[in-house]
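Quick note, the sequence shown lines up with residues 12 to 136 if you use our numbering.
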Amino acid sequence: MLLVLLTYVALSYSGTITLVFGFINGLIQDFATQASLIGILAMSKTIAAYLLYFLVNYKKIWTRKLKLSWIYGTYFFHFFIYSYFYLRDKEIGILIAIDTILIHSILSFSIFILLQKLIGKSRTI
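Rendered as structure tokens:
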């Protein structure tokens, strides 16, 4: 849900606000959920914030499908970074890790699409 909020911030505000929001959001999530990997979510949310804000530069050029693909790819990359550092020392199969990344990405993207439909015709995409 926080990644979806970050998407709306990235598409509505300036790049500096988006990056600071992503970093602080990730750092708070780091302190709240894990002590052993402090900074991983801050880093991945900041990268996601940059990639999502990058979309603003091409808002009028890219088609809606391409923009939605970019958002999904950003979600996937965010969860890939987190999963890489979180699961690298664990005895878990690569297929389970990829499944986890796909499920999280699809769930976040579905929430984003649902909120777009509920809010009305999107002015952000």
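Don't be surprised by glycine CBs; every beta carbon is placed ideally from N, CA and C.
Given Ser-23 as reference, the closest of Ser-116, Ile-35, Ala-46 and Ala-60 once Cα atoms are compared: The option with the nearest alpha carbon to Ser-23 is Ala-60.
Can you grab the Cα-Cα spacing for the pair Ile-92 / Phe-42, in whole Å? Between Ile-92 and Phe-42, the C-alpha separation is close to 17 Å.
Could you pull out every residue in the same chain whose Cβ sits closer than 6 Å to the Cβ of Tyr-83, ignoring the five residues on either side in sequence? The residues are Phe-120.
C-alpha gap between Gly-123 and Val-15, whole angstroms: Contrary to the premise, residue 123 reads as Phe rather than Gly in this sequence. The alpha-carbon atoms of Phe-123 and Val-15 are separated by roughly 6 Å.
Measure the C-alpha to C-alpha separation of Phe-32 and Leu-17 and round it to an integer number of angstroms. Inter-residue distance for Phe-32 and Leu-17 is about 7 Å (C-alpha atoms, whole angstroms).
I'd like to check one pair, Thr-29 with Tyr-86: are the Cβ atoms closer than 7 Å? Contact flag unset, no.
Measure the alpha-carbon distance for Leu-38 versus Tyr-19 and round it to whole angstroms. Going by the C-alpha atoms only, they are around 19 Å apart.
Would you grab the beta carbon distance between Ile-136 and Arg-75 for me? Rounded to a whole angstrom, and I think it's under 8 Å. Between the beta-carbon of Ile-136 and that of Arg-75 there is about 6 Å, and that keeps the pair under the 8 Å contact cut.
Unbroken stretches of the beta strand (DSSP E), 3 residues or longer, contained in the stretch 30–95: Look at the stretch 30–95 and you find no whole run of beta strand (DSSP E) that is 3 residues long or longer.
Do Ile-112 and Phe-90 have their beta-carbon atoms positioned less than 7 Å apart in this structure? Their beta carbons are under 7 Å apart, which means Phe-90 touches Ile-112 by this criterion.
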